[in-house]
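Numbering (my numbering), first residue to last: 46 to 122.
The beta-carbon is built from N, C-alpha and C at its ideal position, and this holds for glycine as well.
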């Protein structure tokens with residue numbers, strides 16, 4: 046996940062929320078911007094290399110997730 050703090054003023058907050066969650070599963074993470082900083086980071090072309098190959102047949106339990114974008118509970122996500 047990449048979070049862009051460029052538009053957040055010092056003292057401001059950025060919250061990561063699960064819009065399908067409620068109670069303890071709703072609020073995932075929060076950041077408070079403490080100071081201005083220069084961002085010299087770059088997104089790498091490859092996030093991980095040399096990972097082992099996985100076979101579905103090796104799994105102890107298979108879980109399938111479906112992700113989609115659109116309006117959920119009155120919000121875009």
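Close beta carbons around residue i, own chain, < 7 Å, minus the five adjacent residues each side
{"i": "residue 71", "result": "62, 63"}
Element boundaries [beta strand (DSSP E), containing residue i]
{"i": "residue 110", "result": "Residue 110 -> no beta strand (DSSP E), and no H or E assigned at all."}
{"i": "residue 74", "result": "72-77"}
{"i": "residue 59", "result": "58-62"}
Distance between residue j and residue i (C-alpha atoms, nearest Å)
{"i": "residue 46", "j": "residue 101", "result": "25 Å"}
{"i": "residue 52", "j": "residue 87", "result": "18 Å"}
{"i": "residue 112", "j": "residue 56", "result": "32 Å"}
{"i": "residue 48", "j": "residue 84", "result": "12 Å"}
CB-CB length for residue i against residue j, believed under 8 Å
{"i": "residue 54", "j": "residue 91", "result": "Actually they do not touch by this definition, with Cβ atoms about 34 Å apart."}
{"i": "residue 60", "j": "residue 82", "result": "Not quite, the Cβ-Cβ distance comes to about 20 Å (not below 8 Å), so this is no contact."}
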